[in-house]
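Just below is one structure, and these are the notes that go with it.
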Amino acid sequence: MNGTLLWPAVVATPLLAYFSLYRWPETAPRWLWLCCLPALAAAVWPPPALDIPLWPGARWGADDMRRGFLAFSALVWLASTLYAGRDRPAVPYGKWFWLAWLLTLTGNLLIVISLDAAGLYVGYAVMSLSAYILIAHGGGKIPRRGGRIYLQLAIVSELLIFSGLIFRFGETGFALELLHWRRAPAAPLTALLLLAGFGIKLGVWPLHFWMPLAYPASRPVVCAVLSGTMMKTAILGLWTFLPAENPLAEWTHWLMAVAVISAFYAVVAGLPQKDSRKVLAYSSISQAGYLLAIVALAWQQPEHRSQWGILLLMWTVHHGLAKGALFLGAGLARAQRLQPAHWLILAIPALAMAGFPLTTGAVVKTALEEGLTGTPYTSFSALLLAGSLATGLLVLRALWRMYHSQPTGDADKFAAGGVAGWIILSLMVLVLPWCWPLMDQPFAASLKTGKILSSAGLVLLAVAIATIAVKFPISVSRRSFNRHPGMVVSRFIKALIDDPPLPTPSFSPDRLWWRDRERHWNRFWRRDAVSFTALTLGLLLLAVGIWWL
Amino acid sequence: MSLSWTGILPLAVVLSSLVPGLLIFTLREDQQQLRTFLNLLGAVIKLVLVALMLYGVSQGAVFRFEFPFLPEAGILLHGDALSLQFVSLSSVLWLATTVYAIGYLEGAALKSRFFGYFSLCVSATVGLALAGNLVTFLLFYELLTLATFPLVVHTGTPEALRAGRVYLAYTLGGGALALMGIALLHSIGGTESFTTGGYLAPLMAEHSASLMLAFGLLVAGFGVKAALIPLHGWLPMAMVAPAPVSALLHAVAVVKAGVFGLVRLVYNVYGVDVMDALHLNDPLLWVASATIIYGSLRALTQTNLKKRLAYSTVSQVSYIAFGVGLLGPLAAAGALAHLVHQGLMKVTLFYCAGAFAQTLGVHRVQEMNGLGKRMPATMAAFTVCALGMIGIPPMAGFISKWYLGLGALQVNKEWGLAVLVISALLNAAYFLPLIYRGWFSAPGKEGWPAEKTFQTRLTRLPESHWMLVVPCLFTAMLSLLAGLFAASDLSPLAWGLLIVDREFQP
């Protein structure tokens, strides 16, 4: 068998799997996780790229970056599908949910394996629009509101990316394959369009405002894929569409500033929140800041682009796995009372987020700190420490809220199969430093005594602060953070569409005025004006004629 | 005149709908089966003939049929790549619309009259597509006007009669302008057959003013049917016609005839070089851009579903004029692909609107709440095509927007991209609420305005008459496939690129 046929299988399997729901409506959801396996296989044994006879230039394959993306996306989707398939919520998932789920999965995988720009855009659109159903399918006021702002921004993001892409096509001389896009320089406008378009999906400040509204509106398992893999596709888009050469020149400092604000603002806004999903959403916004910072740093040092690319990939994988595990944990905590063993497992991704030694978190933070030396931002390593502390606090807050979100009575225990996916994700952040060759060097660096002490110390400090905060609670008004600009924007757009302030043009002539004109003319003729004029003209003509002769 | 098969075929394509049409006029009202048989026979024969021609043209064969008519301007039917793009669209959609119309008009009166004119309308469209020179084009253009009028006023209500009067006033006026333009061109340079790259270049030095005047007259004349502002007024009014007529009007026959005239005018009469030298394309571009935005804005305020779709047509058809006005190869490919894509998508939307109205009495946007539960298949078709209209990949509309955007950039008109993006935003604003209502809103408590139950032997789809649902699904699937498999040799885009190849690289 030809190995390249694996690529069509990656995309087609989830789509075809939908029809199994008609045959076995009860049992099929439990086995839908199987449709992530082709993607996983393609990540482990990537076959050569394949030209696809779909839209012009369609080509599927995986370079090193995409292999990493494919592997962790498939894993997060697999774990989440496993979870959702065994979940028995009060409002059952239903066919709509599964259709949207599988379409979103298809779109996400299509983004990752597309080697052409159009394919990436197709996948992006399929994923973004299907995810709307995932958010809003439950019905009710909050999902509707969350879905609305999500959809409005998704459309804006689509169009920004569309225009950016068209410009980029022009700059690359209409090359279809993304390989050629790395060398062609980009204009600042193109870069801005793409940054804004993908920034919305990434949830970076100040385009983040849909996230705290959409996440709490959706089921935790949806948050897991939204935050675990979907927001990461924005990073892949930015990285592959924009060139190695810095398109923003000295404006990169501003991009860096946005990234830093994003990283810290989200912590401040997230700490007072009550819904664990909302806290974790803010944590994702904060992490988006780090990812954006790495992109900005890569532009500052185009000669080290491959190293920055590796760091970007590592950070993406780390955050995707850890955040996916945390969201699934949050879902579990809402479904049943957690046992000590559960909390132990939940602590692993939490510690990874905070950068505890031996986890992927410590590895990527060490790698970023090492990377910063030699850039204009060497002094930012202090900020990085503060950031670690802040992330630690935010994650602790999320755990605290999860603890309080547990049902009080005896709830049904969650099916073991669903928990398995969550456990796999959680353990991955521990296993990965040992078995992923790219992580070897920073992992070794993170194991130096000083490093271990500082990163473990930060986590302990965060725990200490959190303990104090629990003992002596400070009441903070959440209102200032809950008066979401997103809500205002969303309502404004809705009002515009519902009742557009457009006058209906009316071309009906002013009949009275015209009648008046007509009468005027009629009267004009009735007077002696005509005969007088005719007579005068005749006499004049006669005079001219006589003079001429 | 030699009567080889390549000479006969263009005439046969026109006659394949004309003859059944004339026969249908002679039928009694109750000869239902014979009428249906004649209709479908004509549609299928036409499809076969067109397929034959498509194969021939792709192999480089020349199809020509002519006989003398005016001095120095005979009737010429000529099948080239461009005409086949339009002919195949109209013959495929004719078949689908015939099936749809049979279902739609079940139990209605005056069906022989309706289907007779229906066939005449398609014959005129096909003749216009195959026309090989301006005189022939004009002849079929006017025939189309006359054949469509009885369809617009078919219901005979005062509203329909008024719409018919407006339609006649606009289109006959437009026809007169086109006649003047064609006469002017005929008087200064004779009427030659349409040629790649145009035939007016030799006249440019001496008659540039006349050429500009004639262009203005012809654009105004064709612009009436293409619904360019400010000549679009008849189109939203004509939506009182029965749904199959609206579908045909908006997707294939009238609107497309106007815009197809523009395409012929720019590429095969004036030619890109003359257009460029006389700066004729800029005004066309401005009018088209204004129409794109204006149509979308007006669509946003409509509460009647069909009227909203009608204004959407005003906007979407101008994409084609816009792409033609850009005068670049990529934009031209986008425009020619959109000629087909827009047809497929809009025909589906009108089928769906008609099915909603016929089955449940849903006419207004507010009444669409919860349609997805009652008529899932129809609503799914509606969704696919509405998303395509916005330009969401992988639907067909995305491919045309993509190429139009690239085309605007190729000729250094970046502002064209802004027009496309704003229009897409507006499209989303007036289509997404419909989709939302259909799928996510709960149906009203008082039930549907006028629900009908269909009981035929063949009813397998419980939501409506199968003849209303199947055409929707068929054309929706085509518009999805046209986008998804855009790179395949059979796609409208590939055919558009073929035409562009022949046009821009003589």
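Chains A and B supply the protein sequences, listed in that same order. Just so we're aligned, residue 1 is where the first sequence starts under our numbering, counting upward by one. Just so we're aligned, residue 1001 is where the second sequence starts under our numbering, counting upward by one. Think of the CB as a built atom: it goes at the ideal place given N, C-alpha and C, for glycine as much as any other residue. All figures in this text were calculated on a predicted structure; none of them were measured in a lab.
The three-state reading of DSSP puts Trp60(A) in strand, counting E and B together. The segment 519-536 of chain A and the segment 1326-1333 of chain B do not touch, with fewer than three beta-carbon pairs separated by less than 8 angstroms.
In the displayed model, His1078(B) falls within a strand according to three-state DSSP.
Taking a C-beta distance under 8 angstroms as the contact criterion, Leu1404(B) and Gly1354(B) do not qualify as a contact pair. Excluding the 5 residues flanking it on each side, Val1411(B) has same chain C-beta neighbours closer than 8 angstroms at Leu1326, Leu1327, Gly1328 and Ala1331, in chain order. Ranked by Cα distance from Leu393(A), the options Pro212(A), Leu271(A), Glu245(A) and Gly147(A) are led by Leu271(A).
The residue among Ala333(A), Trp98(A), Val76(A) and Arg67(A) with its C-alpha nearest the C-alpha of Gly85(A) is Trp98(A). For Asp440(A), the three-state secondary structure derived from DSSP is helix. Annotation: the continuous alpha helix (DSSP H) that includes Phe1440(B) extends over Trp1415 to Phe1440. Contact annotation for Ala125(A) against chain B: Ile1392 and Pro1393 [CB-CB distance below 7 angstroms, chain order]. Check the Cα spacing between Arg66(A) and each of Val221(A), Arg148(A), Val317(A) and Leu134(A): the tightest is with Val317(A).
For the 8 angstroms CB-CB criterion, Met230(A) and Ala131(A) form a contact.
Chain order gives no chain B residues near Ala529(A), where near means a beta carbon separation below 8 angstroms; the closest approach is about 34 angstroms.
Think of a sphere of 7 angstroms around the beta carbon of Val122(A): the chain B residues whose beta carbon falls inside it are Pro1393 and Pro1394, in chain order. At a cut-off of 8 angstroms between beta-carbon atoms, Phe1485(B) makes contact with chain A.
DSSP lists His1078(B) as the bridge partner or partners of Arg1064(B).
Of the residues Gly1173(B), Leu1387(B) and His1465(B), the one whose Cα lies closest to the Cα of Asn1427(B) is Leu1387(B). Ile1045(B) and Ser1016(B) have their C-alpha atoms some 7 angstroms from each other. Using a Cβ-Cβ cut-off of 8 angstroms, Leu502(A) counts as an interface residue toward chain B, since at least one Cβ of chain B sits closer than that to its own. Contact check for Thr391(A) against Ser286(A) passes: the beta carbons are separated by less than 8 angstroms. A Cβ-Cβ separation of about 6 angstroms places Ala269(A) in contact with Tyr282(A) under the 8 angstroms criterion. In the DSSP assignment, Thr375(A) forms a beta bridge with Thr373(A). In this structure, the alpha-carbon of Gly421(A) lies about 27 angstroms from that of Gly147(A). With at least 16 other beta carbons inside 10 angstroms of its own, Gly1271(B) counts as buried. Per DSSP, reduced to three states, the secondary structure at Glu1446(B) is coil, with no helix or strand assignment. Among the residues facing chain B, Ala136(A) is included, as its CB has a counterpart in that chain under 8 angstroms away. Ranked by Cα distance from Leu32(A), the first of Ser157(A), Ala42(A) and Leu102(A) is Leu102(A).
Taking C-alpha positions only, Ser1441(B) is separated from Gly1370(B) by approximately 5 angstroms. Scanning chain A for C-beta atoms nearer than 8 angstroms to the C-beta of Val1421(B) yields Leu159, Phe162 and Ser163, reported in chain order. Between the segment 1406-1426 of chain B and the segment 165-180 of chain A there are three or more inter-stretch CB-CB distances shorter than 8 angstroms, so the stretches are counted as touching.
Taking CB atoms only, Leu54(A) has a neighbour in chain B less than 8 angstroms away.
For the pair Pro14(A) and Gly3(A), the Cα-to-Cα distance works out to about 19 angstroms. The residue among Gly1132(B), Ser1464(B) and Phe1149(B) with its C-alpha nearest the C-alpha of Gly1198(B) is Gly1132(B).
No Cβ of chain A is located within less than 8 angstroms of the beta carbon of Gly1173(B). For Gln273(A) against Val279(A), the beta-carbon gap comes to about 5 angstroms, under 8 angstroms, which counts as contact. Partner residues in the beta bridge of Leu1070(B), as assigned by DSSP, are Ala1073(B).
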